[in-house]
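Read through the structure below, which is laid out as structure tokens, and then see the notes.
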Amino acid sequence: MSNGLFGIHGAALEIRSQRMGVLSSNIANAATPNYKARDVDFAAALEARLGGVDSERAAGSVASYRIPTMASLDGNTVEMATEQAAFAENAVAYSATLGFLRGRVETLTRAIRGE
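Residue 21 is where the sequence shown starts when you use our numbering, and the numbers rise one by one after that.
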């Protein structure tokens, strides 16, 4: 997505999508022994993305392992409450970013039509 046309919102949507994938992977592997939960630092990934790094590499370069508050006997660091809260927060932010983009596209469409 063009930074000039969509501003920061296009890059933010890409990073939020990448983070959604990481968080859903954590949730899917909640019962996998020795699975280490990860998360993406959104601010650092967005900064890298705006610096010219592609979104997948930007999100991957700032993904870090989550430190659990309660140790698990099987070595799994996924804590469902933490993952679900992070997923919900990211989903709301994703929807808001999508709303900004939708508004921008509608504005451009009206301008093209001459309304």
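Even glycine gets a Cβ: it sits at the ideal position worked out from N, Cα and C.
Keep in mind that this is a model prediction, so the values were computed, not measured.
Distance, residue j Cα to residue i Cα
{"i": "E135", "j": "L118", "result": "23 Å"}
{"i": "M40", "j": "R124", "result": "23 Å"}
{"i": "G80", "j": "N110", "result": "17 Å"}
{"i": "I47", "j": "I132", "result": "44 Å"}
{"i": "A30", "j": "R130", "result": "The residue asked about is misnamed: residue 30 is Gly in this sequence, not Ala. For G30 and R130, the distance between alpha carbons rounds to 20 Å."}
{"i": "M21", "j": "M100", "result": "Note on M21: pLDDT 42, under 50, position unreliable in the model; the coordinate value appears next. Near 33 Å, if we compare the C-alpha coordinates of M100 and M21."}
{"i": "V60", "j": "F120", "result": "22 Å"}
{"i": "A63", "j": "A108", "result": "17 Å"}
{"i": "K56", "j": "V42", "result": "11 Å"}
Proximity below 9 Å, CB of residue i to CB of residue j
{"i": "R58", "j": "S44", "result": "no"}
{"i": "E126", "j": "A50", "result": "no"}
{"i": "I35", "j": "A83", "result": "no"}
{"i": "L25", "j": "Y114", "result": "no"}
Counting only runs that start and end within the segment 47 to 76, where is the beta strand (DSSP E) found for 3 or more residues in a row? 58 to 60
Any beta strand (DSSP E) of 3 or more consecutive residues that is wholly inside the segment 72 to 119: Along the segment 72 to 119, the beta strand (DSSP E) occurs as fully enclosed runs of 3 or more residues at 83 to 85, listed in sequence order.
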